[in-house]
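Asker: Structure in structure tokens, see below.
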RNA sequence: GCGCGGGUGGCUGAGUGGUUUAAAGCGCACGCCUGGAAAGCGUGUUCCUUCACGGGAGCGAGGGUUCGAAUCCCUUCCCGCGCGCCA
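Set out below in structure tokens:
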């Protein structure tokens, strides 16, 4: 949510950002919001004056004035309905206007316009045809899609044996890397109530993506970012505490997983996966640097796994509502000969904090919204796909990346299990 | 699921219809004091609105009674404890 005070103080900044997003409708919303806010302020002053008169009457309580007091009460009630409407409408807009963009965000229509800002090691041409990760995993008896479909439907899978272990190895590897950098490990609740959930996510996404429970106000989380962001809801943090750096570990659940053609079968687009997530609460002036630091952490995973990758600066058409700036980290798929999105790294500035009411107390005693940042450290299934493709051998086995071997009891190569 | 007890500022916690303009304590910030610090003393520390003086709202949320509600009534959400059920 945008801060109404920012809009009042700097309408141009907000409007320029919407123009950059090429969102004409939201510009209209902004104008209407400002109008409603002005009306609200005027009406509020009138009502406050009525209240003042009423309070005076009640202080010098006198029976002869009861009629006037009642009259004023009626007027207040009448005007309050309108006041409430104005506030509702203003809030409606506020909740739906997107974050203001950082100046470095490129303009573009969609994913294809994201700008590559960095490349890892150069991909090598494979000397044999790369098998599809899902098919190979099934052949090696490391995954079972058919039985998962039988009990849970499409988009689910069993991971088996060494591949299941590899999933956990990835998580341990990511966790250990973050712990060395001073992150606190968090296992959050994986069910959340609706109200805090609305504080952390885009409202349209919510309906599309979330799994709901029946008869209870609980939703399966789409990422541990959400419970971690909401955990300090309506709290005031001390300046000394910041930055708070959290490493979330959880299963993630998503109802909508995009269209999947034949080639998408496997575990790239799935309803459930495991993820280690970086999350930071910080002071506004710390945001930029920490955002870069989170990106470096994500890149470190790719480097140590020795998977070719790119970092893209995500453009206006692909950046989403809550982000002021976003990087994607994309891993190389030798089978498709292109980079596929594995991680994203987002600076939400004060957008989430304003919705959630998370502030910190400054030295002079004033309060300000914190900034929040989030970034993938590793999303296991997507990364497993990359590993299976990049570490595939001609003989149809999968080598274990060096960085993961110690978490695999020293195993160097995964072969067919019986 | 049933029964009982609760939700008050950054925190603890008074307050059961009108000097509550939310006591008191703690914490935090600033100032005084000091050789420096601690202690002590003083000031500030919910939100909205106004250029300002000021004004208004606020005691989980939403309604109601009343000239007047943190306080009384209704609805609802949440928390704690006990019992039940269960991995």
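Residue numbers (my numbering): 1065 to 1482. Note that the Cβ used here is the ideal one computed from N, Cα and C, for glycine as well. Here the structure is a predicted model, which means the values were calculated and not measured.
Check each candidate in 1232, 1191 and 1161 and name the one with the smallest Cα separation from residue 1224.
Answerer: If we check each option's Cα against that of residue 1224, 1232 comes out closest.
Asker: Do the CB positions of residue 1427 and residue 1303 come within less than 8 Å of each other?
Answerer: Yes, they are a contact pair.
Asker: Apart from the five residues on each side of it in sequence, which residues of its chain come closer than 7 Å, Cβ to Cβ, to residue 1476?
Answerer: If we look at residue 1476 and ignore the five residues flanking it on each side, its Cβ neighbours are 1463, 1464 and 1469.
Asker: Taking the beta carbon of residue 1338 as the centre, do at least 16 other beta carbons fall within 10 Å, making it buried, or is it exposed?
Answerer: The residue is buried, with at least 16 neighbouring Cβ atoms inside 10 Å.
Asker: What residue range is occupied by the uninterrupted beta strand (DSSP E) comprising residue 1197?
Answerer: That residue, residue 1197, is in no beta strand (DSSP E); its alpha helix (DSSP H) goes 1197-1203.
Asker: Taking DSSP's pairing of strands, which residues face residue 1308 in a bridge?
Answerer: According to DSSP, which records beta bridges pairwise, residue 1308 is partnered with 1345.
Asker: Return the residue from the list 1068, 1280 and 1085 that minimises the CA-CA distance to residue 1104.
Answerer: The option with the nearest alpha carbon to residue 1104 is 1068.
Asker: Less than 8 Å between the beta carbons of residue 1374 and residue 1182, yes or no?
Answerer: Result yes, Cβ atoms of residue 1374 and residue 1182 sit closer than 8 Å.
Asker: DSSP on residue 1280, reduced to helix/strand/coil?
Answerer: Three-state result, residue 1280: coil.
Asker: Roughly how many angstroms lie between the CA atoms of residue 1260 and residue 1188, to the nearest whole one?
Answerer: Spanning the two alpha carbons is a distance of roughly 46 Å.
Asker: If I follow the unbroken alpha helix (DSSP H) through residue 1407, where does it start and stop?
Answerer: Not the alpha helix (DSSP H): residue 1407 falls in the beta strand (DSSP E), residues 1402-1411.
Asker: Pairs of beta-carbons, one from the segment 1349-1356 and one from the segment 1168-1175, closer than 8 Å: are there three or more?
Answerer: The segment 1349-1356 vs the segment 1168-1175: no contact.
Asker: Nearest-angstrom Cα distance between residue 1247 and residue 1309?
Answerer: About 5 Å.
Asker: Are there 16 or more other CB atoms within 10 angstroms of the CB of residue 1549, so buried, or fewer, so exposed?
Answerer: Nothing can be reported for residue 1549, as the shown portion of the chain is limited to 1065 through 1482.
Asker: Check each candidate in 1154, 1397, 1335 and 1480 and name the one with the smallest Cα separation from residue 1449.
Answerer: Of 1154, 1397, 1335 and 1480, the residue nearest in Cα terms is 1397.
Asker: So what does DSSP say about residue 1477, is it helix, strand or coil?
Answerer: Three-state result, residue 1477: strand.
Asker: Starting from residue 1249, follow the beta strand (DSSP E) in both directions and report where the run begins and ends.
Answerer: It spans 1248-1250 - the beta strand (DSSP E) in which residue 1249 sits, taken as one unbroken run.
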